[in-house]
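One structure is given here, and the rest of the page talks about it.
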Amino acid sequence: AWETAIAHANRVELVSEAVLKVIATTMTPDGVVAIAQLPVTHPPLSAIESNELSPFLGVAIETLQDPGNLGTIIRTATAVGVNGLWISANSVDPTHPKVLRASAGQWFRLPIYSGVNLVETITEIQQTIGSTPLQVLATTPNAERSYWDIDYTKPSLLLVGNEGTGLSAELMHLAKEQVQIPSSPAVESLNVAIATAIVLYEAKRQRCH
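Quick note on our numbering: the sequence shown kicks off at 1489 and runs consecutively.
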């Protein structure tokens, strides 16, 4: 591991445990701290590929507040193979240290577009993928259909809302496909990252068959 760090870093330093505790942002750091420059640009939307063999799949996040939730969504989205993640301006900062830790390194593999207007983003994605209609989805406990009733082999964008209040009325109106995740009546709702993972893996399951 030490040889790998030397090979890939501009500078590597060994520090005392006391210094590490000052630098790190956790109570029990795992012993490695890295400083890196943030990417200045992201791949343009025109780089997104969507066709019959690999239809578009994306996630748009509105006013998410918990960095752990965002990091988990990033990790799951990368595992599923989504084309990109779009985050509204009033959400948690995707560069927050807790986001990076929760993503388990997948933050660096997924195109992330932060500080965007999601209404405009939906229009831009539709224009980018061409004539095939973009299927915009959202989960809501009052929906008539379950999440597994949707055809995810179509180009799809999953909308994810705030942990407490969900999606705004404006975005919910744009979600022409609204679905529920069945659960026990004793449970009011699922964690937003878990709910996102459930829907994304149903999309992956359908696309693998």
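Virtual Cβ for every residue (Gly too), placed ideally from N, Cα, C.
key: Terminal residues of the alpha helix (DSSP H) in which Y1689 lies   = V1680 to R1695
ask   = In whole angstroms, what is the alpha-carbon distance linking F1544 and E1491?
value = 39 Å
message = Report the CB separation of N1571 from I1536 in whole angstroms; it is logged as a contact under 8 Å.
response = 5 Å
query = R1563: buried (16+ other C-beta within 10 angstroms of its C-beta) or exposed?
reply = buried
query = Which first and last residues belong to the beta strand (DSSP E) in which W1595 is found?
reply = Per DSSP, W1595 belongs to no beta strand (DSSP E) and is neither H nor E.
request  = Measure the alpha-carbon distance for L1508 versus H1661 and round it to whole angstroms.
outcome  = 49 Å
inquiry  = Going by DSSP in three states, G1569 sits in which element: helix, strand or coil?
reply    = coil
Close Cβ partners of Q1614 (< 7 Å) along its chain, the five nearest in sequence each way excluded = L1622
key: Element boundaries [beta strand (DSSP E), containing L1502]   = No beta strand (DSSP E) contains L1502, which DSSP labels as neither H nor E.
request  = Report buried or exposed for A1577, applying the criterion of at least 16 other Cβ atoms within 10 angstroms of its Cβ.
outcome  = exposed
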